[in-house]
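Structure record follows, encoded as structure tokens.
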Amino acid sequence: MGGIKYARALMSDRERERGRERDLVLAPNEFAFISDETKGNINVYVGPHKTSLANTDQPVVFDPASKRFARCSLEQATRTLAIAPEGWYVVLKNPARDKSHPRTGALNNLPELDTGRKVNVPGPVSFALWPGQMARVLQGHHLRSNQYLVVRVYDEEAAKANWKNAVIKPQTAAPEGAPEAQGGPDAGSLDPERLLPELTMGKQLIIRGTDVAFYIPPTGVEVAADAHGALVREAVTLERLEYCILLGEDGNKRYIQGPAVVFPRPTETFIERQGSRKFRAIELNENSGIYLKVIAPYADEATGQAYKVGDEIFLTGREQMIYFPRPEHALVRYGEQEIHYAVAIPAGEARYVLDRLAGQIRLQRGPCMFLPDPRREVIVRRVLDRRQVELWFPGNADALAHNQLLGEIERKKREEGRAEGAAPGAPAPAAPATAATPALRPARERFAGDDFRRGTNFTQPRTIVLDTRFDGAVAISVWTGYAVLVVGKSGERKVVVGPATYLLEYDETLQTLKLSTGVPKGDASPYYTVYLRVLNNKVSDEVEAETRDLCRVRLRLSYRVNFEGEPERWFDVENYVKFFTEHLRSLLRHAIRQYGVEAFYANAVGVVRDVVLGPQNDEGKRAGRFFAENGLRVYDVEVLGVELGDETIAGLLVEAQHAAVRQALELAAGQRRLEAARQGELVRQQIEELEASTRLKSLSLGVAEVSRSLELELAKARAEAEARQKRREAELAEQQALEAIHRAELARKKSDHDLALEVAARQLEQRLRQLGAEVQATVDKAHAVSPDLVAALQAFGDRALAERMAQSMAPLAILGGESVAEVLGRLLQGTPLARLLAAAPTAAPAPGNGAGGE
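Convert by adding 305 to the 1-based position in the sequence shown; the result is the number in this note's numbering.
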């Protein structure tokens, strides 16, 4: 019993819970849609209200996307009223034809709706929705002076009928000095009398913040949202030096300059670039310009000049410092480059400039700031190949690397088939601003007004670095004492003599010289260069020649060379080294051929200088060797060495020279000894005479006896002096005799040497005669062998051979029972020995027959 009571109690609780779920309780600001499944009607319950739903009542909600009613729970079906406070409005779709709303606190049956229509209901208002209605509550549009709305007419009749019902609060007067608002002719003007004929379906209007401070659209008009869903749009506020561009639906553009607040026309949109709708005017100076093309005819108000479509303008700072674009102009860009800048050309440098129309390349020389006109002029770079760089700039690794890099870039461009993006010489585009630059700082971190800034530290002056070594024309620096030949493709020739710097035209190259190298000079490994050494040039060479007595000599020479006369002739001979060295070799060989080896070896320097430089004039100078073919003059030559090809002869000459030197030294030493003795004796004589005179003077005051004794002593001294003088003369005569003996000894040695040479020559001749006699004896012996002697010798030999064969064949004859002659006759039949055997006596017994008989 207890269990039954508990089950009944539990069932009653479930029924009460189910009953509470079917109770619809609505608060004063709520409503719900209930579908009567027996009839298909949908009723609206508006709070405050409470009712119990039948089993056939089903809560539903209206889905605006699918436009269908969906079943749901009571909680989900409960909705709040559409409430629009003051300053707000409700956009109601599918209003009731009688403009009624569901009554509060009652059950409402669905009236007939005006499906497809939309009305704007300004607040304050609050109402429930009929089934199938859609409502969106929007705040009224508050506009600042730089904001605007784009409104669109979606119901022409309703718009005209309700235009005066729009909620419009006019803007207060703009402060004095504020930027002027600009817009279209119908932008912001809400005059009903003027706009009513234009309120057609789809018509768009601009509500400007400069005229209207608050706006709620009337029925038939809606506020269009922008691409981001915003209803209130921002106008563009332009400062000085700023402008914006408006693009119309017809394709025309409007350029508006600041200061101004710019509102677009209904059919216009702002052109944006990198998220910005306003742009800075282009600042120009004398060293910059922009390239423009006229896309619509117009007349310049300032100059009165008329332009037609297709004209091109290069505008620089000389004509206009600040440039604002205009619709008739199109900017011509090269890649991303908008502004063309001048390039600095220092003194002594230049740039190659191509005339795009004429195809000519000229040289723009510095110093100047060169701003090329892109309509006609293009700065070009000249790329040198590896061989040209090595010849023109020897040892310059930077120049070689730079030209290789340019060549690689040009090769890649040709392969990719695209032109270079930026004109040469223009500065690189500015790097994009980073987060630390002032341009991208948040506005709250920067002071927006005008201000003056003072640095706390010393500010360095603006400094730039000009590294134009490889950007300009090819510059050739010709050093002192050198020259180059510049050759143009049209045939012009020009010689540049250093010190000088020459800028090559685009079609000019340098003449290459091929110079022989090595000692002696040859073509095995020629040296190529474009620089001709015209002053104080040194050329080394080696000459091999033969003297009159067939002795080979080798000369090592060093020439000093200058180039004179007209510079245009200096390059007429490609290999001037080979040209003049071969000619001088020929002259030297011919001259050396006229001398014996001893005579030439003794005066080799003089012979070479006479041949190469010519004989000395009265002043002791030589004219040098001049070559009229290329203006080359050999003004000096140094003989660095003379070598003989035969070492024996060289040794004899050296020995003879040493002997002559020894003799000359000995003779000079003897002469010095003689002169010293002579001078010493003269000094002693003078001393004695002086002493004698002194004693004579001292004794002249004495007595006569003393005087006589002094005279005697003086006489004695004079006698002794005469004796000593005679001895000195005898010694001098003896020295001269010794010198004569020495000379005779030298002559004797020379005669001995000559005699030894003569004896050696006679011995050689005697040996040659002996060898000739031996050869002749051998020849005579050969002629003495006559045919008869040969035949006799041959007969004697045959007889000896026959006898030996007979002795050898005797045992065989005995065994056969035949004679030796018969056996030999058979063996030697048909040979020359057969005749000899036939002529031999036949009665001769065979050797050994007697013994056999016994």
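Positions of the beta carbon are idealized from the N, C-alpha and C atoms, including for glycine.
- Message: Between which residues of its own chain and Pro-602 is the CB-CB distance below 8 Å, once the five residues before and five after are set aside?
- Response: Within the sequence shown, numbered from 1, the residue matching residue 602 stands at position 297. Taking Pro-602 as the centre and dropping the five residues before and after it, the same chain places the C-beta of Ala-611, Tyr-612, Lys-613, Val-614 and Glu-633 closer than 8 Å to its C-beta, in chain order.
- Report buried or exposed for Thr-852, applying the criterion of at least 16 other Cβ atoms within 10 angstroms of its Cβ. Residue 852 sits at position 547 when you count from the first residue of the sequence shown. Per the 10 Å Cβ criterion, buried.
- Query: How would you label Ser-450, buried or exposed, when you count the other beta carbons within 10 angstroms and need 16 or more for buried?
  - Reply: Taking the first residue of the sequence shown as 1, we reach residue 450 at position 145. Buried, by the Cβ-count rule.
- Message: Does the stretch 546-553 come into contact with the stretch 452-466, if we say contact requires no fewer than three beta-carbon pairs (one atom in each stretch) closer than 8 Å?
- Response: no
- Just how far apart, CA to CA, sit Pro-429 and Ile-521? The residue given as residue 429 occupies position 124 in the sequence shown. The residue given as residue 521 occupies position 216 in the sequence shown. Between Pro-429 and Ile-521, the C-alpha separation is close to 13 Å.
- Message: Looking at Arg-667: is its Cβ nearer than 7 Å to the Cβ of Val-658?
- Response: Counting from 1 along the sequence shown, the entry for residue 667 is found at position 362. Counting from 1 along the sequence shown, the entry for residue 658 is found at position 353. Closer than 7 Å, so yes.
- Task: Decide if Ala-1111 is buried, meaning its Cβ has at least 16 other Cβ atoms within 10 Å, or exposed.
- Result: Locating residue 1111 in the sequence shown gives position 806, where the first residue counts as 1. Flag for Ala-1111 reads buried.
- Item | Alpha-carbon spacing of Val-349 relative to Ala-382, whole angstroms | Against the sequence shown, residue 349 aligns to sequence position 44. Against the sequence shown, residue 382 aligns to sequence position 77. Using only the alpha carbons, I get a separation of about 11 Å.
- Can the beta-carbon of Val-365 be found closer than 7 Å to that of Phe-336? Residue 365 sits at position 60 when you count from the first residue of the sequence shown. Residue 336 sits at position 31 when you count from the first residue of the sequence shown. No, these two residues do not count as a Cβ contact at 7 Å.
- For Ala-728, which residues of its own chain have a beta-carbon under 8 Å away from its beta-carbon, when the five flanking residues on both sides are left out? Within the sequence shown, the letter at position 423 stands for residue 728. Confidence at Ala-728 is low in this model, with a pLDDT of 42, below 50, so its placement is unreliable and the value that follows should be read with caution. Closer than 8 Å at Cβ, skipping near neighbours: Tyr-639, Gln-642, His-645, Pro-677, Pro-679, Val-683 and Ile-684.
- Member of Gly-664, Cys-673 and Leu-662 whose CA lies at the smallest distance from the CA of Ala-655: Here residue 655 is taken as the residue at index 350 of the sequence shown, counted from 1. The shortest C-alpha separation from Ala-655 is found at Cys-673.
- Thinking just about the alpha-carbon of each residue, which of Val-848, Glu-342 and Glu-996 is nearest to the one in His-888? Within the sequence shown, numbered from 1, the residue matching residue 888 stands at position 583. Measuring from the Cα of His-888, the nearest candidate turns out to be Val-848.
- What is the DSSP secondary structure of Asp-941, counted as helix, strand or coil? Counting from one through the sequence shown, the residue named residue 941 turns up at place 636. Looking at Asp-941 - three-state DSSP - the assignment turns out to be strand.
- Query: For Trp-875, which of helix, strand or coil comes out of DSSP?
  - Reply: Stepping through the sequence shown from its first residue, residue 875 is reached at position 570. Looking at Trp-875 - three-state DSSP - the assignment turns out to be coil, as it is neither helix nor strand.
- Item | Rounded distance between the beta-carbons of Val-882 and Val-858, thought under 8 Å | For the purposes of this step, residue 858 is taken as the residue at position 553 of the sequence shown. For the purposes of this step, residue 882 is taken as the residue at position 577 of the sequence shown. So it is not a contact: roughly 23 Å between Cβ atoms.
- If you draw a straight line from the C-alpha of Pro-400 to the C-alpha of Gly-437, how long is it? For the purposes of this step, residue 400 is taken as the residue at position 95 of the sequence shown. For the purposes of this step, residue 437 is taken as the residue at position 132 of the sequence shown. Taking the straight line from one Cα to the other gives about 9 Å.
- Task: Going by CA-CA distance only, name the one from Asn-701, Gly-594 and Pro-825 that's closest to Val-648.
- Result: Here residue 648 is taken as the residue at index 343 of the sequence shown, counted from 1. Out of Asn-701, Gly-594 and Pro-825, Gly-594 has the C-alpha closest to the C-alpha of Val-648.
- Does the Cβ-Cβ distance between Val-902 and Val-944 come in under 7 Å? What you label residue 902 is simply residue 597 of the sequence shown in a count that begins at 1. What you label residue 944 is simply residue 639 of the sequence shown in a count that begins at 1. Not closer than 7 Å, so no.
- Does the distance from the C-beta atom of Arg-687 to that of Val-802 stay below 7 Å? Counting from one through the sequence shown, the residue named residue 687 turns up at place 382. Counting from one through the sequence shown, the residue named residue 802 turns up at place 497. Against a cut-off of 7 Å, the Cβ pair of Val-802 and Arg-687 comes out as no contact.
- Query: Is the beta carbon of Gln-452 sitting closer than 7 Å to the one on Val-537?
  - Reply: By 1-based counting over the sequence shown, the position of residue 452 is 147. By 1-based counting over the sequence shown, the position of residue 537 is 232. In contact: Gln-452 and Val-537 (Cβ atoms closer than 7 Å).
- Task: Under the assumption that Val-866 contacts Val-939 (Cβ atoms under 8 Å), give the Cβ distance between them as a whole number of angstroms.
- Result: In the sequence shown, counting from the first residue as 1, residue 866 sits at position 561. In the sequence shown, counting from the first residue as 1, residue 939 sits at position 634. Right, their Cβ atoms sit about 6 Å apart.
- Query: If Tyr-560 sits next to Arg-631, beta carbons under 8 Å apart, how far is it from one beta carbon to the other, in whole angstroms?
  - Reply: What you label residue 560 is simply residue 255 of the sequence shown in a count that begins at 1. What you label residue 631 is simply residue 326 of the sequence shown in a count that begins at 1. Indeed they touch by this definition, with Cβ atoms about 6 Å apart.
- In the DSSP assignment, find the beta strand (DSSP E) that holds Trp-393 and state where it starts and stops. Translated into positions along the sequence shown, residue 393 becomes position 88. It spans 393-398 - the beta strand (DSSP E) in which Trp-393 sits, taken as one unbroken run.
- Message: Rounded to the nearest angstrom, what separates Leu-925 and Gly-919 at their Cα positions?
- Response: Taking the first residue of the sequence shown as 1, we reach residue 925 at position 620. Taking the first residue of the sequence shown as 1, we reach residue 919 at position 614. The residue you asked about is not Leu; residue 925 is Gly in the sequence shown. Answer to the nearest angstrom: the Cα atoms are 11 Å apart.
- Item | Trp-435 in three-state terms, based on DSSP | Taking the first residue of the sequence shown as position 1, residue 435 is located at position 130. In this structure, Trp-435 counts as coil in the three-state DSSP scheme.
- Task: Let me know if Leu-1060 comes out buried or exposed under the rule of 16 or more other beta-carbons within 10 Å of its beta-carbon.
- Result: On the sequence shown, position 755 is the one that residue 1060 refers to. Under this definition Leu-1060 is an exposed residue.
- Message: Only counting the same chain, and skipping five residues up and downstream in sequence, which positions put a Cβ closer than 6 Å to that of Phe-775?
- Response: Looking up residue 775 in the sequence shown gives position 470. These residues qualify, in order along the chain: His-707.
- Between the CA atoms of Glu-986 and Arg-1033 - distance to the nearest angstrom: The count along the sequence shown starts at 1 and reaches residue 1033 at position 728. The count along the sequence shown starts at 1 and reaches residue 986 at position 681. Each residue's Cα considered, the two are about 8 Å apart.
- Task: Assign Asp-491 to one of three DSSP states: helix, strand, or coil.
- Result: Here residue 491 corresponds to residue number 186 of the sequence shown, with the count starting at 1. Its pLDDT being 49, under 50, Asp-491 is placed unreliably in this model, and the coordinates cannot settle the point.
- Item | Where Asp-362 falls, given that 16 or more other Cβ within 10 Å makes a residue buried | On the sequence shown, residue 362 is found 57 positions in, with the first residue counted as 1. Asp-362 comes out buried.
- Item | Reference Arg-983; option with closest CA among Gln-1040, Leu-937, Glu-1027 and Arg-927 | Taking the sequence shown and counting its residues from 1, the one referred to as residue 983 is at position 678. Among Gln-1040, Leu-937, Glu-1027 and Arg-927, the Cα nearest to that of Arg-983 belongs to Gln-1040.
- What beta strand (DSSP E) runs, 3 residues minimum, are completely inside the stretch 889-940? 930-932
- Message: Under 8 Å: do the stretch 413-427 and the stretch 390-397 share three or more Cβ pairs, one atom per stretch?
- Response: yes
- Identify whether Gly-553 lies in helix, strand or coil by the three-state DSSP scheme. As a first step, residue 553 is located in the sequence shown; it is residue number 248 there, counting from the start. Correct three-state label for Gly-553: strand.
- Task: Label Leu-636 either buried or exposed according to how many other C-beta atoms from any shown protein chain fall within 10 Å of its C-beta, with 16 as the threshold for buried.
- Result: Within the sequence shown, numbered from 1, the residue matching residue 636 stands at position 331. That one is exposed.
- Do you know offhand how far Ile-512's Cα is from Glu-617's? For the purposes of this step, residue 512 is taken as residue 207 along the sequence shown, with counting starting at 1. For the purposes of this step, residue 617 is taken as residue 312 along the sequence shown, with counting starting at 1. Rounded to the nearest angstrom, the two C-alpha atoms are 41 Å apart.
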